[in-house]
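Note that the protein sequences, when read in sequence, are chains A and B. The first sequence begins at 1 in this note's numbering and counts up one residue at a time. The second sequence begins at 239 in this note's numbering and counts up one residue at a time.
Protein chains: 2
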Amino acid sequence: MDIINCINQVSIDCVIFGYENHQLKVLISKSRFKGDFYSLPSGFIFQNEDIEDAAQRVVRERTGIENIYLKHFNVFGKVGRKRQEFLDKLIALNYVNQEEEYQNSDRYKWFINRFISIGYYSLVDINSVIPQTSELDESIGWYNIHDVPELIMDYNQVLQDAYHCLKSDINELSNIYNLLPEQFTMKEIQDIYETILEKTFIRTNFQKKILELDVLERLEKKFTGAKNKAPYLYRVKK
Amino acid sequence: MDIINCINQVSIDCVIFGYENHQLKVLISKSRFKGDFYSLPSGFIFQNEDIEDAAQRVVRERTGIENIYLKHFNVFGKVGRKRQEFLDKLIALNYVNQEEEYQNSDRYKWFINRFISIGYYSLVDINSVIPQTSELDESIGWYNIHDVPELIMDYNQVLQDAYHCLKSDINELSNIYNLLPEQFTMKEIQDIYETILEKTFIRTNFQKKILELDVLERLEKKFTGAKNKAPYLYRVKK
DNA sequence: GCAAAAGTGTTCATTGTACACCCATGC
DNA sequence: GCATGGGTGTACAATGAACACTTTTGC
Numbered sequence: 001m002d003i004i005n006c007i008n009q010v011s012i013d014c015v016i017f018g019y020e021n022h023q024l025k026v027l028i029s030k031s032r033f034k035g036d037f038y039s040l041p042s043g044f045i046f047q048n049e050d051i052e053d054a055a056q057r058v059v060r061e062r063t064g065i066e067n068i069y070l071k072h073f074n075v076f077g078k079v080g081r082k083r084q085e086f087l088d089k090l091i092a093l094n095y096v097n098q099e100e101e102y103q104n105s106d107r108y109k110w111f112i113n114r115f116i117s118i119g120y121y122s123l124v125d126i127n128s129v130i131p132q133t134s135e136l137d138e139s140i141g142w143y144n145i146h147d148v149p150e151l152i153m154d155y156n157q158v159l160q161d162a163y164h165c166l167k168s169d170i171n172e173l174s175n176i177y178n179l180l181p182e183q184f185t186m187k188e189i190q191d192i193y194e195t196i197l198e199k200t201f202i203r204t205n206f207q208k209k210i211l212e213l214d215v216l217e218r219l220e221k222k223f224t225g226a227k228n229k230a231p232y233l234y235r236v237k238k
Numbered sequence: 239m240d241i242i243n244c245i246n247q248v249s250i251d252c253v254i255f256g257y258e259n260h261q262l263k264v265l266i267s268k269s270r271f272k273g274d275f276y277s278l279p280s281g282f283i284f285q286n287e288d289i290e291d292a293a294q295r296v297v298r299e300r301t302g303i304e305n306i307y308l309k310h311f312n313v314f315g316k317v318g319r320k321r322q323e324f325l326d327k328l329i330a331l332n333y334v335n336q337e338e339e340y341q342n343s344d345r346y347k348w349f350i351n352r353f354i355s356i357g358y359y360s361l362v363d364i365n366s367v368i369p370q371t372s373e374l375d376e377s378i379g380w381y382n383i384h385d386v387p388e389l390i391m392d393y394n395q396v397l398q399d400a401y402h403c404l405k406s407d408i409n410e411l412s413n414i415y416n417l418l419p420e421q422f423t424m425k426e427i428q429d430i431y432e433t434i435l436e437k438t439f440i441r442t443n444f445q446k447k448i449l450e451l452d453v454l455e456r457l458e459k460k461f462t463g464a465k466n467k468a469p470y471l472y473r474v475k476k
């Protein structure tokens with residue numbers, strides 16, 4: 001990462017939601033440095049790169065997914081938003097007795113300025129992703145939305161903000177269909193809605209509501225081997 | 239404006255909507271340089287300034303209004319977003335035969351890089367504002383939303399984007415009440431809704447809808463001298 | 001009294017919610 | 001046949017749209 005080629009004091013922060021088995025999770029990385037430094041995936045914007053492409057790149061680097069639907073949900077730009085505090089703590093824990101050397105070096109001067117975060121969120125299928133660490137990560141993994149550790153900076157707040165927007169955008173997101181295989185049942189959609197919105201729907205009414213959106217076409221039935229009526233399969237209309 | 243104290247390559251762009259007499263207008267400035275360079279009010283972010291405060295400052299400098307409700311509606315960050323083209327044209331028209339001097343000077347190098355616009359919109363009462371030019375403006379004025387001249391950069395697109403958000407946020411905007419005096423009639427609110435949304439409402443149903451929002455309290459009647467029943471006055475609940 | 005415009009109420013259609021009922025499936 | 005879960009239809013409530021009717025105001 002050569003900061004010279006990047007826009008200064010601006011960060012792209014991605015809240016990557018993942019769905020699996022009735023659970024909504026978020027992708028969070030842990031720094032390879034001592035101390036529990038958890039963070040949202042983020043990155044900088046190259047000078048020759050659209051900001052949306054930068055966000056796509058961040059998602060791709062961590063998940064391998066290309067061209068996912070991304071939504072800008074907010075910007076964060078208070079004066080006090082600095083990595084200073086977090087970095088001071090990191091250096092104190094990892095470079096004992098070398099603090100002064102680091103504080104006087106130009107090496108991370110650019111890094112401690114206040115900076116603006118441009119927030120994007122996306123929603124991916126956990127089963128189609130093998131999370132990738134960056135060179136600064138010890139690990140990266142999925143955390144249930146209600147079981148997220150304390151993150152550095154104000155990222156817990158950023159995350160909650162993204163979650164709020166995801167909920168209110170769920171109907172506009174024809175892209176929850178990115179979570180599903182080519183063909184899927186109504187129950188699978190309902191599970192996703194119920195998980196994200198954290199409420200239950202009456203099965204029969206939910207079906208009507210979704211079909212009224214007029215974005216799905218009904219295919220043949222799906223015989224699962226279960227001893228009950230086979231549900232129809234659907235796919236997104238072309 | 240000392241760019242050293244500002245965040246580089248980031249601009250705050252404000253779409254300041256104004257309402258007056260059944261018309262929705264937008265505040266647009268014209269550059270004092272030769273050539274028809276129209277622009278949205280914009281500014282930079284000081285290093286010691288929240289981005290929201292920077293937007294408040296832009297609005298205050300142009301309208302005198304303090305602490306108006308501001309809404310972030312989008313960011314614009316394509317690689318091609320540069321002032322280069324606009325500036326080249328400006329210099330060609332205003333500094334004839336000095337183009338080379340300008341192109342080689344460091345004086346506006348920082349100014350021609352690609353930059354990111356953080357967009358905010360607000361809604362103000364035209365009658366309570368006397369628009370103020372900046373040092374670079376020849377004039378500044380209100381233009382009907384459907385009669386906006388060609389703006390520099392991609393600002394026509396930015397404006398349309400803001401207008402779209404204003405429409406869909408109108409109910410969330412308890413702040414259309416900033417347009418109105420302390421006390422107002424139901425008809426005044428209806429006029430604003432109809433102007434912004436560009437559709438008409440049935441008077442009696444509109445009244446029910448607004449009162450159901452449960453944000454207004456009814457006061458005494460307003461006797462205007464007109465020979466008809468006096469309408470009630472309302473004000474926003476505390 | 002009368003025209004103008006505001007307040008209230010009523011009707012009808014649309015949408016949403018809850019649930020009863022029937023149907024296919026595999027054992 | 002029977003338990004399981006999916007599909008269809010129905011009854012009722014809530015909301016929204018259109019409009020009739022009544023009330024107030026100043027001349």
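We put the CB at the ideal spot given by N, CA and C, even for glycine.
For Gly315 (chain B), at least one C-beta of chain A is nearer than 7 angstroms to its own C-beta.
In this model, Ser249 (chain B) and Lys25 (chain A) are separated by some 34 angstroms (Cα to Cα). Ranked by Cα distance from Leu70 (chain A), the first of A:Glu172, A:Glu188, A:Ile210 and A:Asp214 is A:Glu172. Nearest CB-CB separation between Ile170 (chain A) and chain B: not below the 7 angstroms threshold.
Looking from the CA of Ile68 (chain A), the closest CA among A:Asp214, A:Ile210 and A:Ile16 belongs to A:Ile16. When DSSP states are grouped into helix, strand and coil, His310 (chain B) belongs to the strand group. Counting along the chain, the unbroken beta strand (DSSP E) around Ser269 (chain B) starts and ends at Gln261 to Ser269.
About 7 angstroms separates the CB atoms of Leu389 (chain B) and Leu278 (chain B); that is less than 8 angstroms, so the two are in contact. Under the three-state reduction of DSSP, Leu151 (chain A) is assigned to strand.
For Gln9 (chain A), the C-beta contacts it makes with chain B under 8 angstroms involve Ile245, Asn246 and Val248, in order along the chain. Between His310 (chain B) and chain A, the shortest Cβ-Cβ separation is below 7 angstroms. Within chain A, no C-beta atom comes nearer than 7 angstroms to that of Glu323 (chain B); the closest sits roughly 17 angstroms away.
As the crow flies, the alpha-carbon of Phe46 (chain A) is around 25 angstroms from that of Val129 (chain A). In terms of Cα proximity to Phe349 (chain B), the closest of B:Arg473, B:Asn246, B:Ala293 and B:Asn335 is B:Asn246.
Within chain A, the residues placing a beta-carbon under 9 angstroms from that of Arg352 (chain B) are Ile7, Gln47 and Asn48, ordered along the chain. Close partners of Ile289 (chain B) in chain A (Cβ separation under 7 angstroms): Val75, Gly77 and Ile116. Rounded to whole angstroms, the gap between the alpha carbons of Lys208 (chain A) and Gln190 (chain A) is 12 angstroms. Each residue's CA atom was taken as its position, placing Thr433 (chain B) and Gln261 (chain B) some 6 angstroms apart.
Annotation for Lys316 (chain B): no alpha helix (DSSP H) segment contains it, and DSSP assigns it neither H nor E. Looking at the DSSP output, Lys221 (chain A) shares a beta bridge with A:Tyr232. Less than 7 angstroms separates the beta-carbon of Asp363 (chain B) from that of Leu417 (chain B). Note on Ser406 (chain B): under 16 other CB atoms within 10 angstroms of its CB, so exposed under the neighbour-count rule. Less than 7 angstroms divides the Cβ of Arg60 (chain A) from the Cβ of Glu66 (chain A). In the assembly as shown, Arg352 (chain B) is a buried residue. Its beta-carbon has 16 or more other beta-carbons within 10 Å.
The beta-carbon separation of Gln370 (chain B) and Arg295 (chain B), rounded to 12 angstroms, does not stay under the 8 angstroms limit for a contact. Tyr401 (chain B) carries a helical assignment under DSSP once its states are collapsed to helix, strand and coil.
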